[in-house]
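Novice: Shown below is the structure under consideration.
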Amino acid sequence: MTDLEHRYGHPVYPKREVEIVRGDGALLWDQDGGEYIDCAAGVGVANIGHANAAVAEAIGRQAKTLVTCPGIFYNDVRGQLMARLVSIAPPGLERVFLCNSGTEAIEAAIKFARLTTGRAGIVSAMRGFHGRTLGALSATFKYRDEFEPLLAGNRFVPFNNPDRLASSMDDDVAAVLLEIVQGEGGIRPADPEYIRAARELCDRHGAMLIVDEVQTGFGRTGRMFACEHTGVSPDIMTLAKAIAGGVPMGAVLTAGHIAPAIGKHGSTFGGNPLACSAALASIGYIESHGLIGKAEADGLYFASLLRDISSPRIREIRHLGLMIGMELKSKSRPVLDALLKRNVLALSGGPTVVRLLPPLVITREQIAAVARRIADALDETA
Ligand SMILES: *Cc1c(COP(=O)(O)O)cnc(C)c1O
């Protein structure tokens, strides 16, 4: 069946030779019944696991009740989700705008920062990733070639360097936009002091601090949101990926003083009851199954098993919770291919990093099996 996608799809993705047809928890199956341990989780989407029964039940129930309801009308589940998001968010984040993806959340965040400050400049980090639409791409370090001109006033600073951030700030800066752990950029955690310095610099210059938690949110790093590791509350936080158990959704949470007026933004699908109901079920599942503490403990376990692999090809293991990067001294792609042959699905994070984002429901036995297969894959491709 891969021939259909091959024939009719745009070839924008570097495809792997596997066709996934079914999932359960941290396991996936292909067309021929081949079983895989999933360390991609739909790129950090399936935190609560595949085919989660609680989310399936919520989607089914909501589909039979009400699927669509535009933002001009009030809706019961949308209101409940907004209240729920504010209740789990870092202090000071009080209002919610709902959209449908991570890049859209970034677009909204940029517009809200412009509206609030009357300025245009966005400072973001080298190796940072914020999405593919033109505004978000303007603040993204890679994937920009051939799309210039992008938004004016954007500038890039080296990550984790407070001095360079300080010298990039001026009175044209609307916002500083950062990930707490750079995901696409190779699993690079921010120093908490760096995020605290960014908070102070934004306050001093009247700029907004936007924290992009699209990949780090909803328990992934061993906290509900990764900025909790730093003690810093941003003015704006962007969410997507794991928010609704796999159903497309994005969200922007903002401090109370950020109040875009009627007509300044909107989205047809944003805040639809189907996605809201899935999000409520997913957040409920994360909390009732203790997945946040599990991500912290299992992240330590997984990283320790990887550190025990005595391969001269490993440069460094970096992780925060179950957001794990294994930086190699050579290209990661052959190792990813060797892992696929051993029925493990993993991601890259830049050319030399193997990125592991398993569903948070992954078992210890599955983690140990993945670590063994990684050791084998490193040997085979040596
Ligand atoms: C994936 C990602 C995005 C973009 O999300 P999409 O839903 O693919 O548009 C933005 N920021 C970060 C940090 C991401 O990991």
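Sequential numbering of the sequence shown, starting at 78, is according to our numbering. Where a beta carbon is used, it is the ideal one built from N, C-alpha and C, also for glycine. Fair warning: this is a prediction, and the values are worked out from it, not measured in the lab.
In whole angstroms, what is the alpha-carbon distance linking ILE391 and MET403?
Specialist: 7 Å
Novice: Would you kindly work out how many angstroms separate the C-alpha atoms of ILE97 and LYS418, rounded to a whole number?
Specialist: 14 Å
Novice: Would you mind listing the alpha helix (DSSP H) stretches within the stretch 125 to 157 that are 4+ residues and don't spill past its ends, in chain order?
Specialist: Taking only runs of at least 4 residues, the alpha helix (DSSP H) segments lying wholly in the stretch 125 to 157 are 130 to 140.
Novice: Where ALA338 and ASN129 are concerned, what is the direct C-alpha to C-alpha distance, given to the nearest angstrom?
Specialist: 38 Å
Novice: How would you label PHE224, buried or exposed, when you count the other beta carbons within 10 angstroms and need 16 or more for buried?
Specialist: exposed
Novice: If you draw a straight line from the C-alpha of LEU170 to the C-alpha of GLY156, how long is it?
Specialist: 16 Å
Novice: Shortest alpha-carbon distance to ILE183 belongs to which of ALA317, ALA380, HIS83?
Specialist: ALA317
Novice: So for PHE295, helix, strand or coil by DSSP?
Specialist: coil
Novice: Which runs of the beta strand (DSSP E), 3 residues or longer, sit entirely within the stretch 273 to 358?
Specialist: 285 to 289, 313 to 316, 327 to 332
Novice: Could you say which of TYR85, ALA358, GLY198, LEU278 lies nearest to LEU228 if we only look at CA atoms?
Specialist: GLY198
Novice: According to the Cβ coordinates, are ILE43 and ALA216 closer than 9 Å?
Specialist: Because residue 43 is not part of the residues shown, which for the chain are 78 to 459, the question remains open.
Novice: So ALA423 and ARG432 are supposed to be a Cβ contact under 8 Å. How far apart are they, rounded?
Specialist: 7 Å
Novice: Rounded to whole angstroms, what is the Cα-Cα separation between ILE313 and SER387?
Specialist: Going by the C-alpha atoms only, they are around 42 Å apart.
Novice: Could you tell me whether the Cβ atoms of ALA119 and GLY296 are closer together than 9 Å?
Specialist: A small correction: the amino acid at residue 119 is Gly; Ala does not occupy that position in the sequence shown. Not a contact, by the Cβ cut-off of 9 Å.
Novice: For VAL33, report the span of its alpha helix (DSSP H) as first-last.
Specialist: The question about residue 33 has no answer, for the chain in this structure spans 78 to 459.
Novice: Among SER201, TYR220, ALA202, which residue has its Cα nearest to the Cα of THR210?
Specialist: TYR220
Novice: Under 8 Å, with one C-beta from each stretch per pair, do the stretch 157 to 168 and the stretch 348 to 359 reach the 3-pair mark?
Specialist: yes
Novice: Hey, could you find the ends of the alpha helix (DSSP H) SER215 is sitting in?
Specialist: 211 to 215
Novice: With respect to the alpha helix (DSSP H) encompassing SER201, which residues constitute its N-terminal and C-terminal limits?
Specialist: Not the alpha helix (DSSP H): SER201 falls in the beta strand (DSSP E), residues 198 to 202.
Novice: Any heavy atom of ligand 1 closer than 8 Å to the beta-carbon of VAL120?
Specialist: yes
Novice: Rounded to whole angstroms, what is the Cα-Cα separation between ALA190 and GLU94?
Specialist: 42 Å
Novice: For the candidate residues PHE236, ASP280, GLY102, whose alpha-carbon lies nearest to that of PRO269?
Specialist: The candidate whose alpha carbon is nearest that of PRO269 is PHE236.
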